[in-house]
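In terms of the working numbering, the sequence shown opens at residue 35 and continues consecutively. Think of the CB as a built atom: it goes at the ideal place given N, C-alpha and C, for glycine as much as any other residue.
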Amino acid sequence: MSRFRLLTPDAQYPDDAQIERQTTGDQVDWDIFRARSPDQISAESLSQCDAMVVWHEMPVNADLISRLERCKIIVRAGVGFDHIDLDAAAKAGIPVCNTPDYGTSEVADHAIALMLTLRRGIGSYHRNLMESPQTGFDHARAPLLARLRGKTFGVVGLGRIGIATALRAKAFGMRVLAYDPLVSRGTEIAAGVDRCDQLEELLAQSDVVSLHCPLTPQTQNMMNAAQLAKMQPHAILVNTARGGIIDISALLAALRNGTIAGAGIDVLPVEPPNPSDEIALAYANGKDPIVGERLFVTPHAAWSSPESVSDARRLSVETAMQFLTEGRLRNLVNTPVPASLSDVA
């Protein structure tokens with residue numbers, strides 16, 4: 035049996051690829067890096083790998099792809115692939131696959147947890163009690179308390195995670211609206227939610243708006259000042275999808291001037307944020323009045339649990355090995371050009 039060489043440039047686990055090695059058996063040699071820049075990966079590792087399993091830290095741009103002389107497949111150990119140049123990979127004849135069948139429950143749970151943190155005052159109570167167990171022992175100190183039953187929960191993106199989140203919101207007795215122009219009509223019926231044909235329609239009606247769409251040129255800064263202004267003043271925004279979907283400057287302004295009531299976000303346009311980023315400055319000294327009251331940020335952790343990490347590691351490697359050994363693709367997200375056509379071009 036042929037030996038293969040697999041590369042992970044930005045491993046998100048502390049061990050020496052134990053799960054990966056168990057999954058592939060002894061027919062694979064591994065190159066494991068924990069880098070954030072292609073310049074930190076050796077030229078030999080790039081040129082000699084048969085497959086690359088990438089997490090979310092490494093930008094897989096056209097230059098990096100041009101150095102993958104032997105690579106037959108790129109697998110994203112996760113769902114989002116906005117950091118991978120799909121067109122460059124396709125032109126190189128390299129299929130790109132993702133791993134959508136992990137972390138769905140965790141992300142949906144996290145979205146609901148952010149909603150509860152705001153609507154049930156969890157973070158606010160904790161912050162006030164930390165400052166003073168006496169004066170903070172006051173049920174009226176949380177600014178965004180509200181009954182959830184009977185309220186409207188708006189889901190933007192009705193894929194696996196969007197549906198899982200919608201079902202959780204329904205369990206709280208909430209009416210659920212969904213906006214997703216890319217899913218076929220009838221999906222909302224299967225999920226038991228009401229469909230909106232326009233994003234603005236959902237924003238105007240929802241008490242909670244939860245984002246579950248991919249980052250694309252169409253969704254980049256989709257939640258900008260104009261769209262935030264279409265939300266209700268008492269509404270909250272939750273984002274467990276991708277940071278670039280929200281214009282962070284516009285969000286902070288909307289929170290400060292009362293355009294919306296609160297926000298719980300797990301993702302940022304730059305992760306971790308630069309020290310000079312507005313959101314980093316808001317968090318830096320712990321004195322900003324919106325932080326811990328109307329704004330809660332978690333560190334791109336919605337997907338994370340021991341079980342989820344294990345699934346992402348195992349399933350992504352299974353996808354790579356299935357193609358290398360059997361030629362079968364699963365969860366393909368680009369359209370690779372056949373080698374013969376590439377040669378002609």
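- Message: Below 8 angstroms, how does it come out for the region 87–102 and the region 113–133: are there three or more Cβ pairs, yes or no?
- Response: yes
- Item | Counted within 10 angstroms of its Cβ, other Cβ atoms place L375 as buried (16 or more) or exposed | Low confidence applies to L375: its pLDDT is 39, below 50, so where it sits in the model is not reliable enough to give any reading.
- Message: If I follow the unbroken alpha helix (DSSP H) through M149, where does it start and stop?
- Response: 138–153
- Task: With a 10 Å radius around its C-beta and 16 neighbouring C-beta atoms as the bar for buried, classify V94 as buried or exposed.
- Result: buried
- D377, buried or exposed, once every other Cβ within 10 Å from all chains shown has been counted against 16: Caution is warranted here: a pLDDT of 34 is assigned to D377, below 50, making its placement in the model unreliable, and no coordinate value can be reported.
- Outcome for P48 when other beta-carbon atoms lying within 10 angstroms are tallied against a minimum of 16: exposed
- Ends of the beta strand (DSSP E) at R209? 209–213 is the extent of the beta strand (DSSP E) around R209.
- For the region 203–268, which segments carrying the alpha helix (DSSP H) assignment without a break, of at least 4 residues, lie completely within its bounds, in sequence order? 221–225, 233–239, 259–262
- Test item: CB-CB of R68 and A51 under 9 angstroms: no
- Between which two residues does the beta strand (DSSP E) containing A126 stretch? No beta strand (DSSP E) holds A126; DSSP gives it neither H nor E.
- Message: Can you list, in chain order, the residues of its chain with a C-beta nearer than 6 angstroms to that of D386? Leave out the 5 residues immediately preceding and following it.
- Response: In the structure as shown, the chain starts at 35 and stops at 379, and residue 386 therefore has no counterpart that could be examined.
- Message: For V371 and E327, what's the separation of their Cα atoms in angstroms?
- Response: A straight line joining the alpha-carbon of V371 with that of E327 spans about 51 angstroms.
- Could you check how far apart the C-beta atoms of I53 and S339 are, in whole angstroms? I think they sit under 8 angstroms. Contact flag wrong, Cβ pair sits at about 14 angstroms.
- Task: Under 7 angstroms Cβ to Cβ from L322, same chain only, skipping five residues before and after it: list those, please.
- Result: It should be noted that the sequence gives Asp, not Leu, for residue 322. Its chain contains A316 as the residues whose beta carbon lies nearer than 7 angstroms to that of D322, once the 5 sequence neighbours on both sides are disregarded; these appear in chain order.
- Ordered along the chain, which non-local residues of its own chain (more than five positions away) have a Cβ less than 7 angstroms from that of A379? Unreliable placement is indicated for A379, whose pLDDT of 30 sits below 50; no coordinate value is reported for it.
- What are the start and end residues of the alpha helix (DSSP H) that includes A287? In the DSSP annotation of this structure, the continuous segment of the alpha helix (DSSP H) that includes A287 starts and ends at 282–291.
- Task: Return helix, strand or coil for L120, following the three-state DSSP convention.
- Result: helix
- Do F38 and Q74 come within 9 angstroms of each other at the CB atom, strictly closer than that value? no
- Query: A275 and L249: beta carbons closer than 9 angstroms?
  - Reply: yes
- Just how far apart, CA to CA, sit G184 and R209? 6 angstroms
- Query: In whole angstroms, what is the alpha-carbon distance linking A174 and A122?
  - Reply: 55 angstroms
- Task: State the start and end residues of the unbroken beta strand (DSSP E) segment that holds I294.
- Result: Neither: I294 is in no beta strand (DSSP E) and is coded neither H nor E.
- Query: Buried or exposed: N368, going by 16 or more other Cβ atoms within 10 Å of its Cβ?
  - Reply: buried
- Measuring CB to CB, does I107 end up less than 9 angstroms from T359? no
- So, is D8 buried or exposed, given that buried needs 16 or more other C-beta atoms within 10 angstroms? Lying outside 35 to 379, the shown extent of the chain, residue 8 is not represented and no answer is given.
- Quick one: what's got a C-beta closer than 6 angstroms to I66's C-beta in the same chain, skipping five residues either side? T42, A45, A51
- Starting from L80, follow the beta strand (DSSP E) in both directions and report where the run begins and ends. No beta strand (DSSP E) holds L80; the alpha helix (DSSP H) holding it covers 77–82.
- Task: Could you pull the start and end residues of the alpha helix (DSSP H) that G157 belongs to?
- Result: 156–165
- Which residues in the same chain have their Cβ closer than 6 angstroms to the Cβ of P72, if we skip the five residues on either side of it in sequence? L98
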